[in-house]
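Counted from 1, the first sequence has number 194 at position 194 by this note's numbering; the numbering is strictly sequential.
Structure record follows, encoded as structure tokens.
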Amino acid sequence: MEIRLYNTLSKSIERFAPLQPGVVRMYSCGPTVYNHVHIGNLRAFLCADLLQRVLRVVGGYTVRWVMNITDIDDKTIRDSQPGSPAWKTEFMGQQTNDPRENLRRLTRYYESVFLRDIEAIGIRRDHLFAMPRATDYIPAMMDLIRRIWHNGYAYVSGGSVYFNLSRWIADHPYGLLFAVDLEHFVAGARIDADQYEREEVSDFVLWKARKEGEPSWDFELDGQVLPGRPGWHIECSAMGHELLGLPFDIHTGGVDLRFPHHEDEIAQSAAGYGTETARFWVHNEFLEVEGQKMSKSLGNFYTLSDLLERGLDPLDVRYAMLSAHYQSVFNFTFEGIAAARRARRRVQEYIYQLQEQEGGQQSCNVEELRSEVFAYLTDNLHTPRALAALFTFIGEHPAAQLDRQWQRELLSFFEQLNEIFGVWHIGERPPLHIPVHVKQLAQERWQARLERNFARADKLRQQIMAEGYQVRDRSDGYDIVPLEE
RNA sequence: GGUCCCGUAGCAUAGUGGCUAUGCAGAGGUCUGCAAAACCUCGUACGGCGGUUCGAUUCCGCCCGGGACCUCCA
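Rendered as structure tokens:
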């Protein structure tokens with residue numbers, strides 16, 4: 001099925017086709033592992049996950065999905081320094097005298113937390129072709145910087161290597177993803193040009209000179225040794241090149257990365273490798289929390305473990321985020337997650353009923369449903385419409401009324417759909433572990449009810465509810481289910 | 001200062017120059033000793049003011065409100 005995607009390069013929706021038939025090579029900017037990732041980060045990874053699943057399931061492609069782990073940058077260095085409040089001795093051990101070892105201990109810990117988080121929200125490790133750590137690819141980064149330098153687009157200053165943007169811009173396109181207004185560059189609020197000795201404020205660093213107490217690697221460039229560490233942008237260029245080859249098909253990330261990160265990535269790779277980076281650039285919008293930008297000062301800054309502590313199911317979070325279009329600002333609210341929980345459960349209940357109900361006479365057109373839902377998904381990942389179509393169908397086709405054959409057809413459709421959404425359970429309803437004494441209470445209540453001793457039956461119901469369960473009567477018996485919330 | 005996005009019923013999320021929006025919540029009903037579940041029915045929403053048009057939530061302008069990016073934040 002044809003897939004259409006918004007490409008930031010062309011600022012339009014384009015028909016997608018991979019460079020190599022049948023294989024999609026896709027790179028996603030991953031986390032910087034200096035702390036827990038927040039739910040905004042998670043949205044970015046979920047959007048990438050959605051895309052790669054649609055490519056797999058609907059597009060029928062083999063997907064080589066790479067997501068990097070940034071384990072060397074300003075923040076990881078800052079938080080691995082002696083005396084850092086982010087240091088957790090119970091997980092990272094004591095700090096050593098070796099800055100690189102400290103960096104490694106900090107980042108490995110947060111990497112493991114990250115892996116747990118993405119697994120919890122339904123990103124499957126076996127869908128990832130590679131998760132390269134930046135520190136494992138430093139030779140590749142050095143090689144790229146040397147190439148850029150040899151091609152005349154880098155200079156050394158104060159022990160650092162910078163990309164000479166003005167020279168690059170003179171005869172190459174720049175601003176492919178983002179209309180950079182170099183005229184008004186200086187007016188920007190966050191420029192701290194004095195920190196490093198670059199010639200132009202717009203130049204960006206490829207290799208950062210070592211500062212006292214910082215982890216460093218020796219970089220040999222043109223006969224001189226430059227102790228330091230890679231700049232941020234260079235990481236992705238080198239790892240993408242090593243693992244996927246350039247150009248690859250799709251590069252994903254949050255909208256904020258369009259500039260400067262992705263723009264500079266394009267320039268570097270072109271200046272060093274002489275190739276374009278990626279055919280499609282797919283950027284997801286941010287999320288807000290209760291209508292406001294998420295920030296620590298507003299107290300609305302959440303990590304996944306914050307949400308778990310509040311008793312939220314991460315798959316409800318996944319569902320809620322997938323129910324909004326990836327290019328629109330998503331408003332994260334606790335009410336919204338509760339709504340998502342109910343909606344998700346309703347579909348789950350429908351799936352179970354397809355398996356459990358005897359079946360009626362009604363027929364349905366599963367192929368029509370499939371093509372409608374998939375058409376929306378392949379139309380720039382329009383999950384909201386896909387879900388709306390699904391719910392409309394469910395509303396029109398009660399599971400119990402469908403003929404057995406159509407129930408089975410639908411089930412296999414849901415199985416396929418779940419390869420994309422990943423929020424439902426296909427299979428037998430998991431058995432409930434009802435405590436024996438609750439079962440006894442329920443049985444006593446059933447007896448009391450048969451004896452039409454309703455006062456006693458209601459009293460027992462109260463006791464059962466106090467235990468966290470409720471009974472639902474049927475004509476020929478009853479069910480015990482956990483009490484909601 | 002520059003560039004840009006958004007404002008849809010109680011909440012969230014789509015969409016469209018005229019055609020029943022989707023979910024959750026809510027109301028009524030069927031069923032039930034009660035309840036729950038399930039099912040049925042139910043909402044004349046598109047920030048404000050102008051303009052274009054036979055017709056605007058949809059196009060244009062202005063205003064109000066929220067937000068993003070502009071050198072390392074997904």
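Virtual Cβ for every residue (Gly too), placed ideally from N, Cα, C.
Own chain partners of residue i with C-beta closer than 7 Å, once the 5 adjacent residues on each side are dropped
i	result
G231	F204, V205, L206, W207, K208
G59	M1, I3
R404	G359
E242	Y137, A140
A238	Y137, A140, M141, L144
G213	Q81, P99
D192	Legend: pLDDT at D192 = 41, less than 50; position of this residue unreliable, value from coordinates given subsequently. Hits under 7 Å: none found.
R146	L221
Rounded C-alpha distance that separates residue i from residue j
i	j	result
R449	I3	58 Å
R416	I426	What sits at residue 416 in the sequence shown is Gln, not Arg. If I take the Cα positions, the gap works out to 10 Å.
R429	M465	22 Å
A44	R461	46 Å
V511	P314	Residue 511 lies beyond the range of the chain shown here (1 to 485); nothing can be said about it.
W87	T96	12 Å
G83	S160	27 Å
F391	G40	27 Å
E444	Y469	15 Å
L483	R341	15 Å
F259	A267	12 Å
D306	H38	9 Å
I434	V481	8 Å
E372	D126	28 Å
D264	T303	29 Å
E101	F163	29 Å
Reference residue i; option with closest CA among the options
i	options	result
Y34	L177, Q81, T252	Q81
R53	R461, L322, I480	L322
E319	R346, D458, S305	Note on identity: in this sequence residue 319 is Tyr, with Glu being the wrong assignment. For Y319, the nearest C-alpha among the options comes from R346.
N284	G253, W446, L246	G253
L441	H433, A457, T275	A457
F332	V423, G291, E119	G291
D316	W424, H172, V481, L106	W424
I123	I148, R105, W65	W65
G240	K11, A270, K296	A270
K211	L46, V471, R78	R78
I394	P173, I351, P431	I351
Q447	S166, D476, A120, F421	D476
Same chain, Cβ closer than 6 Å to residue i, five either side skipped, listed in chain order
i	result
I13	R4, Y6, N380
E419	V57
Y376	H382, R385, A386
A48	S28, T252
V24	P18, L55, Y61, V63, D249
L410	L354, V366
F16	I3, L5
For residue j and residue i, believed in contact at Cβ under 8 Å, the rounded distance
i	j	result
L55	Y326	So it is not a contact: roughly 14 Å between Cβ atoms.
G336	L402	In fact, because the Cβ distance is near 31 Å, the residues do not count as touching under 8 Å.
P215	R229	6 Å
N151	G299	No, N151 and G299 are not in contact; Cβ-Cβ is about 49 Å, not under 8 Å.
W281	L9	5 Å
T76	L106	6 Å
N68	P21	That pair is no contact at about 26 Å.
Boundaries of the beta strand (DSSP E) in which residue i is found, first to last residue
i	result
P58	Looking at the sequence provided, one finds Val at residue 58 rather than Pro. No beta strand (DSSP E) holds V58; DSSP gives it neither H nor E.
K208	204 to 209
G254	248 to 254
H283	278 to 284
Residue i, enclosing alpha helix (DSSP H) - first and last residue
i	result
A17	Segment: none, A17 is in no alpha helix (DSSP H) and carries neither H nor E.
T76	74 to 80
I145	138 to 150
F454	454 to 466
Q348	334 to 356
E368	366 to 378
8 Å CB neighbourhood of residue i in its chain, flanking five on each side removed
i	result
E467	P435, H437, V438, L441
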